[in-house]
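In my numbering, the protein residues as written are 827 to 1223.
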């Protein structure tokens, strides 16, 4: 496990090019993979275009401040994110609700997360999950990114092949800068092929607009409780598993408290959920960031800085990411996560008596199944724990 910080806790870390690149790739993947869902959720709540940009500004500010603050405090790569499953839930649940009631739902969910942090019950629940099951769940969550990286060869053969060959060469001779080189080659090849379209891109500063909340029992129960459950099961649980699988031991309850507080403060501006990142956090935890696990946390700080920039420009930042070809984004995400996927699978299958439950966890999570509005990460975890309970030999006193 990563060592707890001692002594000069608030000394500024040494930031390298690999930290900056990992942070940029994490934010790039986060925005390009799900920012459109935020637009859909905000539009479903009746937000105006200016208010939608304000939502993204508030989310960027919240993620930037919490990622930088928590990573500096614990000296571990703690990256926060919005809840993508939560945004998808809101996109189908908010139509017909006044915008003020949507804000009330966000506040209610934030209070429930705060209660989880204060009482410590979520931390106690996560402590009973074996390392093999947590690692298998993480591998399942990241599986689609590895698959999509190579599936993108169909649509962007030259671009993705060039990035893949660069990755292999860099891993052979300069593994520390593999992702840096892949990103640079990808941008260069995409530009040479004329696949970077900046005509619609532009930067405008968007100020978040507060909305006074209103509350109704039906919306709190019908939308607020599901938002809380989806956020905890499909986002915070994988986020904790990502930290543990990478060998970090930051206390869970304070993380829930700080992310809950950030949501509570910024919910009137559209920050519907601030929670622990899993996929983007894993990008900041790989050996390519730094061979020393204890020196990888500046990558999350850099990601926090990029989130602050993204928050400053609000919705317009999405047009910049849209200017990049999808093959480049898919390839850089998958290649950046290869080491994490491999390490997670190794840890998941290491213990022979837990191998089959871990494999079940991996397959269910990787399937992407959604049941009752809850994502595959939760069901993979549940299936793995059930399998472990049934298949474990009885203990004899």
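Note that the Cβ used here is the ideal one computed from N, Cα and C, for glycine as well.
#### Entry: Neighbourhood of residue 1174 by C-beta distance below 7 Å, restricted to the same chain and skipping five residues each side
Position 348 of the chain shown, counted from the first residue, corresponds to residue 1174. Once the five neighbours on either side are set aside, the close Cβ partners of residue 1174 are 958, 961, 962, 965, 1184, 1188.
### Message
Checking the sheet assignment: what are the DSSP bridge partners for residue 1102?
### Response
Taking the chain shown and counting its residues from 1, the one referred to as residue 1102 is at position 276. DSSP output for residue 1102 lists 906 as bridge partner(s).
### Message
Comparing C-alpha positions only, which one of 1020, 997, 956, 1136 sits nearest to residue 982?
### Response
By 1-based counting over the chain shown, the position of residue 982 is 156. Selected option, being the one with the closest Cα: 1020.
### Task
Report yes if the CB atom of residue 871 is closer than 8 Å to the CB atom of residue 915, and no otherwise.
Here the question's residue 871 lines up with position 45 in the chain shown. Here the question's residue 915 lines up with position 89 in the chain shown. The answer is no: Cβ separation not under 8 Å.
### Task
Pick out the complete alpha helix (DSSP H) segments inside the stretch 940 to 1005, 4 residues or longer, and give them in chain order.
947 to 953, 957 to 977, 983 to 999
### Task
Using only alpha-carbon positions, find the residue among 913, 1042, 1167 that is nearest to residue 1113.
By 1-based counting over the chain shown, the position of residue 1113 is 287. Checked all of 913, 1042, 1167; the closest Cα to residue 1113 is 1167.
### Message
Taking the alpha carbon of residue 889 as the reference point, which residue from 847, 1217, 1085 has its own alpha carbon closest?
### Response
As a first step, residue 889 is located in the chain shown; it is residue number 63 there, counting from the start. When only C-alpha atoms are compared, the closest one is 1085.
### Query
What do you get for residue 917, buried or exposed, if any count of 16 or more other CB atoms within 10 angstroms of its CB means buried?
On the chain shown, position 91 is the one that residue 917 refers to. Buried, by the Cβ-count rule.
### Rounded separation between residue 922 and residue 1092 - CA only
On the chain shown, position 96 is the one that residue 922 refers to. On the chain shown, position 266 is the one that residue 1092 refers to. Pairing residue 922 with residue 1092, the inter-Cα distance amounts to about 23 Å.
### Contact under 8 Å by Cβ, residue 903 with residue 1107
For this step, residue 903 is matched to residue 77 along the chain shown. For this step, residue 1107 is matched to residue 281 along the chain shown. A contact, by the Cβ cut-off of 8 Å.
### Task
Would you decide whether residue 834 is buried or exposed? Buried here means 16 or more other CB atoms lie within 10 Å of its CB.
One-based indexing of the chain shown puts residue 834 at position 8. The predicted model places residue 834 with a pLDDT of 47, which falls under 50 and marks its position as unreliable, so this point remains unresolved.
### Task
Could you tell me how far apart the beta carbons of residue 1158 and residue 851 are, in whole angstroms, since I believe they sit closer than 8 Å?
Counting from 1 along the chain shown, the entry for residue 1158 is found at position 332. Counting from 1 along the chain shown, the entry for residue 851 is found at position 25. That belief holds up - the Cβ atoms of residue 1158 and residue 851 are roughly 6 Å apart, short of 8 Å.
### Query
Which of helix, strand or coil does DSSP assign to residue 1197?
Locating residue 1197 in the chain shown gives position 371, counting from the first residue. It is a strand residue.
### Task
Give the DSSP-derived three-state secondary structure of residue 1021 in the structure shown.
Against the chain shown, residue 1021 aligns to sequence position 195. Looking at residue 1021 - three-state DSSP - the assignment turns out to be coil, as it is neither helix nor strand.
### Message
Give me, in chain order, the residues of the same chain whose beta-carbon lies closer than 6 Å to that of residue 1130; leave out the 5 immediate sequence neighbours on both sides.
### Response
On the chain shown, residue 1130 is found 304 positions in, with the first residue counted as 1. Within the same chain, residue 1130 has close Cβ partners 890, 893, 894.
### Query
Would you say the stretch 993 to 1006 touches the stretch 1093 to 1102, given that touching needs at least three Cβ pairs under 8 Å?
No, they do not touch.
### Residue burial classification, residue 1177 (beta-carbon count within 10 angstroms, cutoff 16)
For this step, residue 1177 is matched to residue 351 along the chain shown. Residue 1177 should be labelled exposed.
### Query
Going by beta carbon distance, what residues of the same chain come within less than 6 Å of residue 908, once the five residues before and after it are set aside?
Along the chain shown, read from residue 1 onward, the residue named residue 908 stands at position 82. So the qualifying residues of the chain are 885, 1099.
### Query
Which residue from 1038, 1048, 1061, 1080 puts its Cα closest to that of residue 1094?
As a working mapping, residue 1094 is identified with position 268 in the chain shown. Selected option, being the one with the closest Cα: 1038.
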